[in-house]
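K.L.:
Positions in the sequence shown are counted from 1; adding 109 to them yields our numbering. Just so you know, even glycine gets a beta-carbon here, dropped at the ideal spot from N, CA and C. Quick one: the structure is below, questions incoming.
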Amino acid sequence: MAKNKTPIIILNYKTYLESTGNNAIQLSKYVEEASNESGVNMAVAPQAVDLYNVIEAVDIPVFSQHMDAITPGGHTGSTLPEAIKQSGAVGSLINHSEQRLTLADIEEVVSKTKDLELSSVLCTNNVKTSMAASLYNPDYIAIEPPELIGTGIPVSKANPEVVENTVTQIHDINRDISVLCGAGITTGEDMKAALDLGAEGVLLASGIIKADNQKDALLDLVSLI
Ligand code: G3P
């Protein structure tokens, strides 16, 4: 799968009301405008029920938040990889801290993304897990210390070692994997600090979604790069 240009910003909509339904479409238009104005590659990850409408509304890359390790058939309420592909999404977050998978399921889902030519953003919580994750050869590894998620305390300042060490260890194993970081990323300073630590982008949510002016927050995020 051709990877998206880096640095890349992936905005995870989670299940906030400010990024659900019509709000998901409006926010995605803000992201597209900010990406076009700044020249920085930005992608969004809406809830599964909003995927198709968001993809129809904008031309920026759209990712699913999750993919289940299932095959077509009787799996009520699950998210089928083939359905994500047919929605027009370019890839999926995998093993996010709010939607953890078993090792066996991670292997199956990352393998399935390759079969379907989807980008894989494999989420991890520390350096060791990231090293293990690199053996599955995902396109991206997104290191996110769970204790910082949603706090507004940026990982790039609160725990720069975990970012720097993840980049170093992953690239010793597989230089083709792009390392992203997330948790608490909010401002242009947070974004610049992440890139200075060797990350090739960020995964973020509340700092943008809960902002008074979402588009201004996006433009501030890329103001120093
Ligand atoms: O997937 C990114 C997310 O877990 C980070 O959350 O709200 O700290 O930007 P937040």
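Would residue 289 be called buried (16 or more neighbouring beta carbons within 10 Å of its own) or exposed?
P.N.:
With 16 or more Cβ atoms within 10 Å of its Cβ, residue 289 is classed as buried.
K.L.:
In the DSSP output, which residue or residues are listed as bridge partners for residue 249?
P.N.:
DSSP output for residue 249 lists 230, 287 as bridge partner(s).
K.L.:
Measure how close the beta-carbons of residue 200 and residue 172 come, nearest whole angstrom, since I'm counting them as under 8 Å.
P.N.:
Right, their Cβ atoms sit about 5 Å apart.
K.L.:
Give the single residue among 208, 154, 140, 235 whose Cα lies nearest to the Cα of residue 197.
P.N.:
Closest option to residue 197, Cα to Cα, is 154.
K.L.:
Quick one: does the C-beta of residue 184 sit closer than 7 Å to a heavy atom of ligand 1?
P.N.:
No, ligand 1 has no heavy atom inside 7 Å of this Cβ.
K.L.:
With 16 other CB atoms within 10 Å as the buried threshold, where does residue 205 fall?
P.N.:
It counts as buried.
K.L.:
Exposed or buried, what is residue 181 when buried is set at 16 or more other beta-carbons lying within 10 Å of its beta-carbon?
P.N.:
So residue 181 ends up on the exposed side.
K.L.:
Which residue wins for smallest C-alpha separation from residue 234, given the options 295, 252, 246?
P.N.:
It is 252.
K.L.:
Thinking C-alpha only, which one of 149, 246, 239 is nearest residue 63?
P.N.:
The shown model of the chain, from 110 to 334, leaves out residue 63, and the question about it has no answer.
K.L.:
If you scan the segment 164-249 from start to end, which runs of the beta strand (DSSP E) of 3 or more residues do you find wholly inside it?
P.N.:
For the segment 164-249, whole beta strand (DSSP E) runs of length 3 or above, ordered along the chain, are 200-203, 228-233.
K.L.:
Which residue wins for smallest C-alpha separation from residue 332, given the options 299, 320, 316, 322?
P.N.:
Out of 299, 320, 316, 322, 299 has the C-alpha closest to the C-alpha of residue 332.
K.L.:
Classify residue 309 as buried or exposed, calling it buried when 16 or more other Cβ atoms lie within 10 Å of its own Cβ.
P.N.:
So residue 309 ends up on the buried side.
K.L.:
Need the endpoints of the alpha helix (DSSP H) that residue 262 sits in, please.
P.N.:
No alpha helix (DSSP H) contains residue 262, which DSSP labels as neither H nor E.
K.L.:
Please confirm if the segment 207-222 is in contact with the segment 159-176, defined as three or more CB-CB distances below 8 Å between the two stretches.
P.N.:
Yes, the segment 207-222 touches the segment 159-176.
K.L.:
With which residues is residue 119 paired in a DSSP beta bridge?
P.N.:
Partner(s): 152, 312.
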